[in-house]
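Working notes, structure below.
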Amino acid sequence: MTSALAPAPADQALSPHDGAVPRRRTRVLALPEARWAAAATVFFLLALPLQLAGAPAWAWGPLYAVTYAAGGWEPGWAGLRALREKTLDVDLLMVVAALGAASIGQVMDGALLIVIFATSGALEALATARTADSVRGLLDLAPATATRVGADGGEVSVGVAELAVGDTVLVRPGERIGADGRVLDGASDVDQATITGEPLPVAKERGDEVFAGTLNGTGALRIRVERDASDTVIARIVRMVEEASGTKAPTQLFIEKVEQRYSLGMVVATLAVFLVPLLAGAHLDDALLRAMTFMIVASPCAVVLATMPPLLSAIANAGRHGVLVKSAVVMERLGQVDAVALDKTGTLTEGTPRVTDVRPLAGSGLDEGELLRLAAAVEHPSEHPLARAVVDAAHERGLALPVAEDFGSTPGVGVVATVDGRVVAVGAPGRFLGGASDADSTRAAVLAGELEDGGRTAVLVTVDGTPAGVLGIADRLRPDATATVTSLTSLTGTAPVLLTGDAPRAAARLAAEVGIEDVRAGLLPQHKVSAVRELENAGRTVMVVGDGVNDAPALAAAHTGVAMGRAGSDLALETADAVVVRDELATVPAVIALSRRARRLVVQNLVIAGVFITGLVIWDLAGNLPLPLGVAGHEGSTVIVGLNGLRLLREAAWRRAAE
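Here it is as structure tokens:
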């Protein structure tokens, strides 16, 4: 399978994840940014205690010098290159500020600034690398080889990249399918959750479409290849994630959008405040003192601090309540959302099939408990997800299961065994009933139809060849799903959209339960991206909430992507901007509300900082602002906006957001 991704670094480690697909993870120290940041931190921590203990400058001075060099050379060099392009880079200003602090004796303060900036850059580089790791890891879902069947019936193992359209491949039980194609022969249940998000395996037989990377069940399949390896659905998911991540418009914090102009303006104004009086005949010391005072009071420290503390406080508060917001930029964007698209399986639902209905037929002589007991006894040896759901339901009711004998399984049909001397079969109603027209079969078919019309999977139970009852199985709705949809509707002004690869009837039933009207079902990953683009083209700011590999392209394409953390795929977790770690869906509207409150505090802080800076600058230019008073006013405004932003750390802030 080909990919636009660059080859993974040689020092990337492959480790098993959930006992299945190996996971590629870049080691932290494999990144040069991390190595330089670590070196700067180590030398700073060596120098600081020596200085505080009163050691001579020759003991700690060289250590600080190494800190400056290790943490500052890369941003400094990048800033000089930007300067050649006639751009005043923030990185260069940071290095200049640190060197300026050192030149007036504040060596430790400058070194601390270097360490903080270098660490921030390393974390950003690590986040970028881990996202790329997860995209590469997606390629491991598809097997490296496949069994190609020749015209003479001979079998040969070949790389999936060698498969051509029209080839026939054999997929044995338990293997992953190596190519997109169509079933020529055989029957099996295929787990397609990685592609469609469907919670239950799908029965496949002659003529049905299958996808590379999906997991075959207990039957063998012969498949005709219909797409090249570079054009499979899995390969297209990789490309869509890469393209969406690369083309998403870069978003910056508000203050960063004006930082370039403000920095240039402050440099020019400081020079003017120094040179104009000097040229007019003022004394050098007076002109220099006025310029230094101006530079201090006009410094954007309070403006910068106006933005970060509210957003960082909101991030910390959300983290305490199980929502990992990956950056201050993301926290700012969350408050801009006015449309939400929700996945179904694993997001609105728990992602695990459960028995919802136990319906014995009149005249069978069985009650609900006995019907479930017999079905669970037969299903107990099976590893099918539906079988596990039936067995779990029996255990929850405290039913003792008898031993099943002569167990047999037919892929795509069902299972049969002898229980207490009776032959009990459990499986698909359509396969067991066939065209039977007797009264029991007719009643069973009607009952199965009612359950399926309600969005459930119907499972028929027969005893000695006679229909005895029907079980209904469905993915269970999260307890907080309805309240979450209501809250999101209130926050955004419109009900969320449901985007799912599941069957339309199941999706419609669940949407009706939670109050969603716009339902788009049977979607492949590219269709979800198209739905997000459609909403954005209509002028909406879209948040996507999902958990699976099939949701990753939509998470990347959306203005903001949120992944459910407990069962979320690696790719979804790394692609998303925020992760609901505890799987509590109700925290999604709460974090949106918290973001909006943080944005309001940012505006308050900018007003406070602007008033202080304007007043102090006018005083300095029109009068004679003493330097100590200028420093006090500047630092005072910085403290005020900092404390105001920290209000969002309080537990009460989260409670108000959740309400």
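Under my numbering, read the sequence shown as residues 3 to 661, first letter to last.
Glycine included, C-beta positions come from ideal geometry on N, C-alpha and C.
It should be emphasised that the depicted structure is a prediction, and the values quoted were computed from it without experimental measurement.
**Asked** Exposed or buried, which one is Arg29 when buried takes at least 16 other CB atoms within 10 Å?
**Response** Locating residue 29 in the sequence shown gives position 27, where the first residue counts as 1. The residue is exposed, with fewer than 16 neighbouring Cβ atoms inside 10 Å.
**Prompt:** From Phe614 to Leu627, what does the alpha carbon distance come to, in whole angstroms?
**Reply:** Position 612 of the sequence shown, counting from 1, holds the residue named residue 614. Position 625 of the sequence shown, counting from 1, holds the residue named residue 627. The alpha-carbon atoms of Phe614 and Leu627 are separated by roughly 13 Å.
**Asked** Cα-Cα, which of Val235, Gln53 and Ile518 is closest to Leu525?
**Response** Here residue 525 refers to the residue found at position 523 of the sequence shown. Here the closest residue by C-alpha is Val235.
**Close beta carbons around Gln254, own chain, < 6 Å, minus the five adjacent residues each side** = Here residue 254 corresponds to residue number 252 of the sequence shown, with the count starting at 1. Reliability fails at Gln254, whose pLDDT of 47 lies under 50, so the model's placement of it is uncertain and the value that follows must be treated cautiously. Hits under 6 Å: none found.
**Prompt:** When burial is assigned at 16 or more other CB atoms within 10 Å of the CB, is Asn646 buried or exposed?
**Reply:** Reading the sequence shown from its first residue, position 644 is the one you call residue 646. With 16 or more other Cβ atoms within 10 Å, it is buried.
**Message:** Tell me the rounded alpha-carbon separation between Val227 and Gly155.
**Reply:** Reading the sequence shown from its first residue, position 225 is the one you call residue 227. Reading the sequence shown from its first residue, position 153 is the one you call residue 155. Taking the straight line joining both Cα atoms gives about 16 Å.
**Asked** Since Leu603 is in the alpha helix (DSSP H), which residue starts that stretch and which ends it?
**Response** Taking the first residue of the sequence shown as position 1, residue 603 is located at position 601. It spans Thr589 to Ala624 - the alpha helix (DSSP H) in which Leu603 sits, taken as one unbroken run.
**Message:** I'd like the span of the beta strand (DSSP E) that includes Ser190, first residue to last.
**Reply:** Here residue 190 is taken as the residue at index 188 of the sequence shown, counted from 1. That run of the beta strand (DSSP E) goes Ser190 to Asp193.
**Prompt:** With a CB to CB cut of under 6 Å and the five nearest residues on each side skipped, what residues in its chain are close to Ala189?
**Reply:** Position 187 of the sequence shown, counted from the first residue, corresponds to residue 189. Residues Glu207, Gly221, Pro413 and Gly414 of the same chain have their beta carbon placed closer than 6 Å to that of Ala189, with the five preceding and five following residues left out of the count.
**Three-state class that DSSP yields for Ile518 in the structure shown** = Locating residue 518 in the sequence shown gives position 516, where the first residue counts as 1. Residue state, collapsed to three classes: coil.
**Gly73, enclosing beta strand (DSSP E) - first and last residue** = For the purposes of this step, residue 73 is taken as the residue at position 71 of the sequence shown. Premise fails: Gly73 lies in the alpha helix (DSSP H), Ala59 to Arg86, not in any beta strand (DSSP E).
**Request:** Compute the Euclidean distance between the alpha carbons of Ala166 and Arg522, then round it to the nearest angstrom.
**Result:** Translated into positions along the sequence shown, residue 166 becomes position 164. Translated into positions along the sequence shown, residue 522 becomes position 520. Near 33 Å, if we compare the C-alpha coordinates of Arg522 and Ala166.
**Message:** If I measure Cβ to Cβ from Ala113 and keep anything under 6 Å in the same chain, skipping five residues before and after, which residues do I get?
**Reply:** The count along the sequence shown starts at 1 and reaches residue 113 at position 111. Phe46, Tyr66 and Thr69.
**Request:** Could you tell me whether the Cβ atoms of Ala559 and Ala308 are closer together than 7 Å?
**Result:** Start at 1 with the first residue of the sequence shown, and residue 559 comes out as number 557. Start at 1 with the first residue of the sequence shown, and residue 308 comes out as number 306. No.
**Message:** Helix, strand or coil, according to DSSP, for Pro362 in the structure here?
**Reply:** Residue numbering aside, residue 362 sits at position 360 when the sequence shown is read from its first letter. When DSSP states are grouped into helix, strand and coil, Pro362 belongs to the strand group.
**Request:** Note the first and the last residue of the continuous alpha helix (DSSP H) segment covering Lys530.
**Result:** For the purposes of this step, residue 530 is taken as residue 528 along the sequence shown, with counting starting at 1. Residues Pro527 to Asn539.
**Asked** Just the Cα atoms here: how many angstroms apart are Leu435 and Val448?
**Response** The residue given as residue 435 occupies position 433 in the sequence shown. The residue given as residue 448 occupies position 446 in the sequence shown. Going from the Cα of Leu435 to the Cα of Val448 covers about 11 Å.
**Message:** Please return the same chain residues whose Cβ sits closer than 7 Å to the Cβ of Asp13, not counting the five positions on each side in sequence.
**Reply:** Within the sequence shown, the letter at position 11 stands for residue 13. Because Asp13 carries a pLDDT of 40, less than 50, the predicted location of this residue cannot be relied on, and no value is offered for it.
**Message:** Once DSSP output is grouped into helix, strand and coil, what is the label at Asp466?
**Reply:** Taking the sequence shown and counting its residues from 1, one reaches residue 466 at position 464. Three-state DSSP puts Asp466 in coil, outside helix and strand.
**Message:** When you compare the stretch 463–471 with the stretch 359–375, are there three or more beta-carbon pairs, one atom per stretch, that lie closer than 8 Å?
**Reply:** yes
**Asked** How many Å lie between Met268 and Arg657 at the Cα?
**Response** For the purposes of this step, residue 268 is taken as the residue at position 266 of the sequence shown. For the purposes of this step, residue 657 is taken as the residue at position 655 of the sequence shown. Roughly 41 Å separates the two Cα atoms.
**Request:** Output the distance between the C-alpha atoms of Gly161 and Asp187, rounded to the nearest integer angstrom.
**Result:** Your numbering for residue 161 matches position 159 in the sequence shown. Your numbering for residue 187 matches position 185 in the sequence shown. Going from the Cα of Gly161 to the Cα of Asp187 covers about 22 Å.
**Item:** Cut-off 8 Å between Cβ atoms - residues of its own chain near Leu651, not counting five sequence neighbours on either side
**Value:** As a position in the sequence shown, residue 651 is number 649, starting the count at 1. Only Ser315, Ala318 and Asn319 meet the Cβ criterion.
**Message:** For Leu373, which residues in the same chain have their Cβ closer than 7 Å to its Cβ, ignoring the five residues on either side in sequence?
**Reply:** Position 371 of the sequence shown holds residue 373. Apart from sequence neighbours up to five positions away, the residues of its chain that approach Leu373 with a beta-carbon distance below 7 Å are Val360, Pro362, Val463, Ala470 and Gly471, ordered along the chain.
**Prompt:** In whole angstroms, what separates the C-alpha of Gly73 from that of Leu608?
**Reply:** Taking the first residue of the sequence shown as position 1, residue 73 is located at position 71. Taking the first residue of the sequence shown as position 1, residue 608 is located at position 606. Rounded to the nearest angstrom, the two C-alpha atoms are 30 Å apart.
**Prompt:** Per DSSP, Pro355 forms a beta bridge with which residues?
**Reply:** Looking up residue 355 in the sequence shown gives position 353. Per DSSP, Asp477.
**Prompt:** Ala10 to Pro34, Cα distance in whole Å?
**Reply:** Taking the sequence shown and counting its residues from 1, the one referred to as residue 10 is at position 8. Taking the sequence shown and counting its residues from 1, the one referred to as residue 34 is at position 32. Because the pLDDT of Ala10 is 39, which lies under 50, any placement of that residue in the model is unreliable, and the number read from its coordinates should be weighed accordingly. So the two alpha carbons sit approximately 15 Å from each other.
**Item:** Per-residue DSSP class, three states only, for Asp408
**Value:** Your numbering for residue 408 matches position 406 in the sequence shown. Residue state, collapsed to three classes: strand.
**Request:** Run the CB neighbour count on Asn539, radius 10 Å, all protein chains shown included, and call it buried at 16 or more, exposed below.
**Result:** In the sequence shown, residue 539 corresponds to position 537, counting from 1. Exposed.
**Prompt:** Which of helix, strand or coil does DSSP assign to Pro24?
**Reply:** As a first step, residue 24 must be located in the sequence shown, where it is residue number 22. Model confidence at Pro24 stands at a pLDDT of 42, short of 50, so the residue's coordinates are unreliable and nothing is read from them.
**Message:** On the CB-based measure, 16 or more other CB atoms within 10 Å of its CB, does Ala246 come out buried or exposed?
**Reply:** On the sequence shown, position 244 is the one that residue 246 refers to. Its pLDDT being 49, under 50, Ala246 is placed unreliably in this model, and the coordinates cannot settle the point.
**Asked** According to the Cβ coordinates, are Leu500 and Ile518 closer than 7 Å?
**Response** Here residue 500 refers to the residue found at position 498 of the sequence shown. Here residue 518 refers to the residue found at position 516 of the sequence shown. In this structure, Ile518 lies closer than 7 Å to Leu500 by Cβ.
**Prompt:** Lys328 by DSSP, collapsed to three states: which one?
**Reply:** For the purposes of this step, residue 328 is taken as the residue at position 326 of the sequence shown. In the structure shown, Lys328 sits in coil (DSSP, three-state: anything other than H, G, I, E or B).
**Request:** Within 10 angstroms of the Cβ of Thr616, are there 16 or more other Cβ atoms? Answer buried if so, exposed if not.
**Result:** Working through the sequence shown from its first residue, we reach residue 616 at position 614. By the 10 Å Cβ count, Thr616 comes out exposed.
**Asked** For Leu493, does the three-state DSSP call read helix, strand or coil?
**Response** Here residue 493 refers to the residue found at position 491 when the sequence shown is read from its first residue. If DSSP states are grouped into helix, strand and coil, Leu493 belongs with the helices.
**Prompt:** Taking the DSSP output, what are the residues bridged to Gly548?
**Reply:** For the purposes of this step, residue 548 is taken as residue 546 along the sequence shown, with counting starting at 1. Paired residue(s): Ala565.
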